[in-house]
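Numbering-wise, UniProt numbering puts 11 at position 11 of the sequence shown, and it's gapless, one number per residue.
Think of the CB as a built atom: it goes at the ideal place given N, C-alpha and C, for glycine as much as any other residue.
Predicted model, so just to flag it, every value in this text is computed and none were measured.
Quick notes on the structure that follows.
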Amino acid sequence: AEKYMQRNSTIEGRTEFILSDMLENGQINQEDFDEAIDTQNGALYMKAKSMAIADDEDLKFSAWDFASLMSGAHAPLNWAVEVARGTPEEIGPFTPASRTIKGAMGLLGVDWDRHPMNLEGRLRESVGLHAFDQWDDYRVDRMLSNMGATGEITVDQMLRAQIEREGDAYNEAIKKANFEFGIGAMGSLIGMPAKAYPEGEYLQKSLKDDYQRAWAKTEETGNYDFVNNFNDQHPEYEGRLALWKSSEERMRSFLVDNIWDM
């Protein structure tokens with residue numbers, strides 16, 4: 001019980017971090033943020049919590065184990081409930097073994113989500129679900145953001161891959177995201193958490209304070225030069241901000257930036 005409480009505290013901390021990101025990026029307002037933090041419940045908080053768990057496979061495995069222990073194996077009933085609620089996208093992998101298989105394949109460099117032998121993935125896609133879970137795209141976009149931060153790919157390649165969902169940069173991000181997933185999944189399986197954030201993750205998060213200061217000065221003075229200068233100096237941060245945008249919003253931002261630069 002003590003071990004679970006420690007892990008849950010970690011989940012709560014990362015959930016708050018994601019909510020802070022959403023607030024700073026204009027995805028939610030201060031009132032929504034305060035309510036989510038105070039109540040630690042509701043659609044917004046649970047969405048951020050799901051993203052925190054998806055971002056760290058060690059946490060996901062622990063949360064799944066605890067939920068399974070408390071509720072038993074009633075997967076079909078849970079699926080029916082999600083469909084009835086109008087949230088079928090929240091139907092997770094059919095079995096805990098699905099995570100183990102995906103993790104093992106990821107370590108071997110196999111894109112299991114798209115592999116023809118992945119019958120569960122093909123079945124999920126046939127009914128309009130993601131091959132593994134609703135955070136499939138998020139993991140890849142996050143890795144693209146990290147790759148852009150380290151200079152492994154250009155900002156243009158990063159943004160195009162996030163929008164077009166194809167190409168060399170996109171495929172490499174899938175490979176890296178799967179490998180990272182595999183490390184966490186295998187570590188959790190043997191009881192030895194092995195989460196290691198990529199260099200790009202640290203670089204992007206280190207820019208968070210600078211981004212906040214730029215916006216604070218802009219709001220204080222009404223001068224957008226502070227934000228514009230930050231964007232000019234750190235165009236790669238757009239990849240981080242894009243994690244919270246829809247495909248349409250990404251395309252609109254990309255087109256505006258390119259027209260502005262002409």
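| Asked | Found |
| --- | --- |
| C-alpha gap between residue 266 and PHE33, whole angstroms | Beyond the ends of the chain as shown, which are 1 and 262, falls residue 266; an answer cannot be given. |
| Touch test, the region 131-150 against the region 169-178, Cβ-Cβ under 8 Å, three pairs minimum | yes |
| Which of helix, strand or coil DSSP assigns to TRP135 | coil |
| Rounded straight-line distance, which links the Cα of ASP209 to that of VAL155 | 21 Å |
| Nearest-angstrom beta carbon gap, ALA169 and ILE153 [assumed within contact, 8 Å] | 5 Å |
| Beta-carbon spacing of GLY187, ALA104 below 9 Å | no |
| Straight-line Cα distance separating GLY151 from residue 263 | With the chain covering only 1 through 262, there is no way to say anything about residue 263. |
| Nearest neighbour of ARG14, chosen from GLN40, GLY239, TYR224 [CA to CA] | GLN40 |
| Helix, strand or coil at SER42 according to DSSP, with G and I counted as helix | Inspection of the sequence shows that residue 42 is occupied by Gly rather than by Ser. Residue state, collapsed to three classes: helix. |
| Pairwise C-alpha distance: ALA80 and PRO235 | 44 Å |
| GLU238 beta carbon less than 9 Å from that of ASN231 | yes |
| Every unbroken alpha helix (DSSP H) inside the region 94-142 [4 residues or more] | 96-107, 119-126 |
| Spatial distance of ILE11 from LYS49 (CA atoms) | 7 Å |
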